[in-house]
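Residue 9 in the UniProt record's numbering sits at position 9 of the sequence shown, and the numbers go up by one each step.
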Amino acid sequence: MIRRTLLLSTALLLAACQSYNVNRDYDSTRDFGAYRSWSWKEPALQYSPDDPRIKSDLTEQRILDAVSQQLDQRGLRPAANGKADLNVQSWLIVDERQQQTSYNYGGAWGGYWGGYWGGPAYTETRTYNYKVATIQVDLYDSKDGKLVWRGSAEQIMKSAPPSPAEREAAIRETIAKVIEQYPPH
Numbered sequence: 001m002i003r004r005t006l007l008l009s010t011a012l013l014l015a016a017c018q019s020y021n022v023n024r025d026y027d028s029t030r031d032f033g034a035y036r037s038w039s040w041k042e043p044a045l046q047y048s049p050d051d052p053r054i055k056s057d058l059t060e061q062r063i064l065d066a067v068s069q070q071l072d073q074r075g076l077r078p079a080a081n082g083k084a085d086l087n088v089q090s091w092l093i094v095d096e097r098q099q100q101t102s103y104n105y106g107g108a109w110g111g112y113w114g115g116y117w118g119g120p121a122y123t124e125t126r127t128y129n130y131k132v133a134t135i136q137v138d139l140y141d142s143k144d145g146k147l148v149w150r151g152s153a154e155q156i157m158k159s160a161p162p163s164p165a166e167r168e169a170a171i172r173e174t175i176a177k178v179i180e181q182y183p184p185h
């Protein structure tokens, strides 16, 4: 019974960890107000690892559309004449990770009347394998080619593959989280 309770609590903990871990970095010497237009840096989307199970024209289109929409909401427009202020590149990264959890149970207990009872103490260690997906968006100054802003969000992937509608919603939500603090304050 104790083991089941501990396993359930661990499963709930992993489920609770499915929130986003968002990171941002930027060049504080840049005038982000001067950036008004953007274009894709080729390749527009890169994959790590370069695995055909991850690569998909459908996923790529969803990511590019979501990034484009978020940049548009922040006042950045696609370059009409090919001369953009920013070059944009995205990444989809999938990592295999492990987590070990140890459980202690058993042992001796003391009573009010003195004396101890119980059995030996046991420690059980379990290893959990899981995948983490990261979407990263990089913005480069087109004049000097330097990275000026980077945002990424990682999330634990569910074991069951999501439906196409769930994929699209997850990509849009993740990219909104990544780009929500652009331009930096």
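Backbone N, C-alpha and C define an ideal beta-carbon position, used for all residues, glycine too.
The structure displayed is predicted, hence computed values, not measured ones.
Here E154 has N21, V132, T134 as same chain residues with Cβ atoms under 6 angstroms from its own Cβ, once five neighbours each way along the sequence are excluded.
Apart from the 5 residues on each side of it in sequence, V67 sits with its Cβ closer than 7 angstroms to the Cβ of V88, S90, V137, I175 in its chain, given in chain order. At the C-beta level, P183 and F32 come within 7 angstroms of one another. For the pair S39 and A80, the CB atoms are not nearer than the 7 angstroms cut-off. With 16 or more neighbouring CB atoms inside 10 Å of its own CB, K177 falls in the buried class.
Inclusion of I63 and I179 in the CB contact set at 7 angstroms is not warranted, their separation being larger than that value. DSSP, reduced to helix, strand and coil, places S68 within a helical segment of the structure shown.
The residue among P120, K158, P49, G151 with its C-alpha nearest the C-alpha of D27 is G151. R126 is bridged by DSSP to T101. Check the Cα spacing between T59 and each of L71, Q70, Q46: the tightest is with Q46. For L76, the three-state secondary structure derived from DSSP is coil.
Excluding its 5 nearest sequence neighbours in each direction, E124 has C-beta neighbours in its own chain below 6 angstroms: Y103, listed in chain order.
Fully contained in the stretch 21-51 are the following beta strand (DSSP E) runs of length 3 or more, in chain order: 21-26, 37-48. In the assembly as shown, Q70 is a buried residue. Its beta-carbon has 16 or more other beta-carbons within 10 Å. Looking at the DSSP output, I179 shares a beta bridge with no other residue.
By the criterion of a C-beta distance shorter than 7 angstroms, S142 is surrounded in its chain by A84, D85, L86, N87, once the five residues flanking it on both sides are discounted.
Note on geometry: alpha-carbon atoms of P162 and I93 lie some 17 angstroms from one another.
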